[in-house]
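Everything below concerns the one structure shown next.
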Amino acid sequence: MFLDYKIAITYKNNICSYIQSDYLLILTETSTKLFKSAWFLHLASMLDKAVPPSTYASTLDDASKIQLFQMLDELCFEGVICNASSPIKRTIVDTQKDELGDNVLYLSDIFQLATTEITSPKQLVSYIEGKRILGPLISNDTEKEQLVHRILASDPIRTWFENKFAIKTKRPAISQALSEACLNTLYSVTSSQYFFHDTPYQLYRDAPELWPRPLHIVDNGDCKTQDGGLRQQPASTTLSRLTKYLGSPLSVVNSIREISRDNGLNYKTYRASFNKTIRKDEEPTVSSYEIAALGKGKTEEQAKMSAIGECFERYAAFYQGNEQSFIAPYSAIADKAFRPEELNSLSHQQKQNYKTINYPSKSSDSRYNNFTAQEHCHWYPGISLTSNTVKYFPLNYVFADAPHGFNYSSWTSNGCAAGQTIEEAALQGIFEVVERDAIAIWWYNKLVLPNVDLNTVDEGVIAALNSDLGLDWQCQLLDATHDIDIPVYIAIARNAKTHECIFGFGCHLSPNIAIERAISEMCQVLDVKDKHSAMFDFKSLENEAFLNGCHHQPKKLPKSSSLSNIKQCLEDCLNKLSACDLDTFIIDYNRPEIPLKCVKVIIPGTNHMWPQFANERLYSVPVKQGLLQEKSAEYELNQIPLYL
Numbered sequence: 001m002f003l004d005y006k007i008a009i010t011y012k013n014n015i016c017s018y019i020q021s022d023y024l025l026i027l028t029e030t031s032t033k034l035f036k037s038a039w040f041l042h043l044a045s046m047l048d049k050a051v052p053p054s055t056y057a058s059t060l061d062d063a064s065k066i067q068l069f070q071m072l073d074e075l076c077f078e079g080v081i082c083n084a085s086s087p088i089k090r091t092i093v094d095t096q097k098d099e100l101g102d103n104v105l106y107l108s109d110i111f112q113l114a115t116t117e118i119t120s121p122k123q124l125v126s127y128i129e130g131k132r133i134l135g136p137l138i139s140n141d142t143e144k145e146q147l148v149h150r151i152l153a154s155d156p157i158r159t160w161f162e163n164k165f166a167i168k169t170k171r172p173a174i175s176q177a178l179s180e181a182c183l184n185t186l187y188s189v190t191s192s193q194y195f196f197h198d199t200p201y202q203l204y205r206d207a208p209e210l211w212p213r214p215l216h217i218v219d220n221g222d223c224k225t226q227d228g229g230l231r232q233q234p235a236s237t238t239l240s241r242l243t244k245y246l247g248s249p250l251s252v253v254n255s256i257r258e259i260s261r262d263n264g265l266n267y268k269t270y271r272a273s274f275n276k277t278i279r280k281d282e283e284p285t286v287s288s289y290e291i292a293a294l295g296k297g298k299t300e301e302q303a304k305m306s307a308i309g310e311c312f313e314r315y316a317a318f319y320q321g322n323e324q325s326f327i328a329p330y331s332a333i334a335d336k337a338f339r340p341e342e343l344n345s346l347s348h349q350q351k352q353n354y355k356t357i358n359y360p361s362k363s364s365d366s367r368y369n370n371f372t373a374q375e376h377c378h379w380y381p382g383i384s385l386t387s388n389t390v391k392y393f394p395l396n397y398v399f400a401d402a403p404h405g406f407n408y409s410s411w412t413s414n415g416c417a418a419g420q421t422i423e424e425a426a427l428q429g430i431f432e433v434v435e436r437d438a439i440a441i442w443w444y445n446k447l448v449l450p451n452v453d454l455n456t457v458d459e460g461v462i463a464a465l466n467s468d469l470g471l472d473w474q475c476q477l478l479d480a481t482h483d484i485d486i487p488v489y490i491a492i493a494r495n496a497k498t499h500e501c502i503f504g505f506g507c508h509l510s511p512n513i514a515i516e517r518a519i520s521e522m523c524q525v526l527d528v529k530d531k532h533s534a535m536f537d538f539k540s541l542e543n544e545a546f547l548n549g550c551h552h553q554p555k556k557l558p559k560s561s562s563l564s565n566i567k568q569c570l571e572d573c574l575n576k577l578s579a580c581d582l583d584t585f586i587i588d589y590n591r592p593e594i595p596l597k598c599v600k601v602i603i604p605g606t607n608h609m610w611p612q613f614a615n616e617r618l619y620s621v622p623v624k625q626g627l628l629q630e631k632s633a634e635y636e637l638n639q640i641p642l643y644l
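Under the UniProt record's numbering, the residues of the sequence shown are numbered 1 to 644, in order.
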């Protein structure tokens, strides 16, 4: 129904509205909406004076009238405003009388907590998508503030508005119908309901500071090879434990869904997402706050767990403001810190062309300043897994969206990992860093690597691969293992009809597991490459020699590692890295609201898959391995960036 411009307008019932500059924030019991228009101050004036739009617009020119009425009709269509059916009464309900007693407060009325002193435990109840949710129990001001912060973190648009304009907002009072539904929850629990216990949601900034602290690698006993690696628990068990951390406004992971295509593959692909805080200088759009993570697996449980784990590790990597960094010039801590160029190894030519390079993690700045020893920088500690000593890294290299020093280095997800234990997460992080180092050396030097003799690969793996790909795709495996001596493999498939090429990578101490990972990643690429935006165009790849490998002497697969203990595997990897003069550092990303252990593994000197042409290993390792007679020149390197 359209507005009658001759009748005064009002907000619809149970809406809280806030107008600042060109922005209108609308809060209902269950949603947050942000609108932008240059006419919102006129809207505020109309509402304040209670005059009909036609009367208010009588002094405007015709073009302005059309724009004003168009804005009003759009807000009416969105369910924000309507015509006043009776004289407007200026009453605002700031508090709510609970008929259920003093021991029940509601999620949608949460900001009453900020002004109500809590003298006895309270139970929060909400009603979300047909499910009644009970908890958590809060009993003191600290827990109250943690809960309020957690809810703000789950509502990025509202948080951005509050930060941008330095005001506080609140949702409208909960309806009586919802009150009754919540009341029933207290006395009638069914299988469709689930609970949160023991205040699992706490904001990290209110928790005790974690750094710097020593990390002790412990022995958690033998593990089984499952779900593509050594795991403390199978994916199904872990997923069952994490169910209560998904799907509510208090959750870190706010959505998870299957995005697999119907392409005959025996692999599932899931997409999980979380909300990050929007910086005040950003425009609030979906892409500015929703961070997505993809997960793959042979089973639904494995794919879901993979997506959730990646979602947690990405969330943990974002700067929250309580990180214990400090400011100092590099010259003051040179013996115990890494210069930015040792970590983000852009060459002089890349820095010169930085303004025009489409580099995924570069800041909005179109320049790249050269770092000097006298430059003050924010530093953050990392701990060596080899010597247990502390060294310092630029803060914005360690955390995503860190506010200081974007011009010198930048964060990437390389080495970020999640696991049941610190040890499990650290091992996965090492595998990722080693894999990307080997792949970068292969890709940018266009190395012709030996093919793997498929007759020496586990028969079950090859049978499953042939069944998955069918007759349209022909697959081969390349051995990308380099001087670090941790198996790395590349699975490459080419379409027999279109000649399109796809690939995936895998790394593990067990060659068979590394191959399984490479095949799994390749199948994930096949599943999502056309459906979701990506910076890498597989269709543009030409049929070059380095994508086919050397068929003359297929390499037999070495025997798989007999290690079944994560601590022993970790020590084996650290020894191999130390033999190449590479030290391994770990950043503890643990956040109390995340039920998995999250870390970032940093191995200074290794390559990222993205083009960083000042890294010495990029040039020296191929010669060291006998794959090239002399080092490549920068202009000879593959100019197609590997942005995956």
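Where a beta carbon is used, it is the ideal one built from N, C-alpha and C, also for glycine.
Under DSSP, D479 forms a beta bridge with Y489. Contact annotation, G429 with A417: C-beta distance approximately 4 Å; criterion of less than 8 Å satisfied. Of the residues assessed, Y315 falls on the buried side of the cut-off, its CB having 16 or more other CB atoms within 10 angstroms. Within the same chain, L471, D472, W473 and Q474 come within 8 Å of A496 by CB-CB distance, once the 5 residues on both sides are set aside. Burial state of H216 is exposed, judged by a 10 Å Cβ sphere holding fewer than 16 other Cβ atoms. T421 and E282 have their C-alpha atoms roughly 36 Å apart. From the listed residues S620, K49 and L637, the smallest Cα separation to Q629 is found for S620. Three or more Cβ pairs closer than 8 Å define a contact, and the region 597-613 meets that threshold against the region 436-452. Under the three-state reduction of DSSP output, D588 falls in the strand class.
Under the DSSP assignment, Q349 falls in the alpha helix (DSSP H) whose first and last residues are H348 to Q352. About 6 Å separates the CB atoms of G382 and I586; that is less than 8 Å, so the two are in contact.
The residue among Q568, N575 and N344 with its C-alpha nearest the C-alpha of A614 is N344. Cβ-Cβ separation between N466 and C550: approximately 22 Å, too far for a contact (criterion under 8 Å). Under DSSP, the beta-bridge partners assigned to N83 are I9. Here E459 is exposed: its Cβ has fewer than 16 other Cβ atoms, across all protein chains shown, within 10 Å.
Two segments are said to touch when three or more pairs of C-beta atoms, one from each, lie closer than 8 Å; by this definition the region 539-556 does not touch the region 394-413. For the set W442, A337 and N13, the Cα lying nearest the Cα of L642 is the one of W442. Ranking L34, Q302, P487 and P53 by CA distance to the CA of T10 puts P53 first. Membership of F431 in the alpha helix (DSSP H) is indicated by the continuous run I422 to N445. Distance from the CA atom of I594 to the CA atom of F312, rounded to whole angstroms, is 7 Å. With 16 or more other Cβ atoms from the protein chains shown falling within 10 Å of its own Cβ, P284 counts as buried. In this structure the region 4-19 lies against the region 66-80, because at least three pairs of beta carbons, one per stretch, are closer than 8 Å. Boundaries of the alpha helix (DSSP H) around E571: I566 to A579. For P450, the uninterrupted beta strand (DSSP E) segment begins and ends at P450 to V452.
Cβ atoms of N254 and S154 come within 8 Å of each other, at about 7 Å. Taking one beta carbon from each stretch, the region 369-388 and the region 336-354 have 3 or more pairs nearer than 8 Å; the two touch.
In this structure I602 is not in contact with E424, their Cβ atoms being roughly 18 Å apart against a cut-off of 8 Å.
In the structure shown, the three-state DSSP call for H378 is strand. With 16 or more other Cβ atoms from the protein chains shown falling within 10 Å of its own Cβ, H482 counts as buried. Out of P394, D219 and R517, the CA that lies nearest to the CA of V461 is found in R517. Within the same chain, A235, S236 and L239 come within 7 Å of E301 by CB-CB distance, once the 5 residues on both sides are set aside. The C-beta separation of C598 from I484 comes to about 24 Å, leaving the pair out of contact by the 8 Å criterion.
A direct Cα-Cα distance of roughly 14 Å separates I333 from L395. In terms of Cβ geometry, K164 and K280 form a close pair [threshold 7 Å].
When DSSP states are grouped into helix, strand and coil, Q474 belongs to the strand group. T237 carries a helical assignment under DSSP once its states are collapsed to helix, strand and coil.
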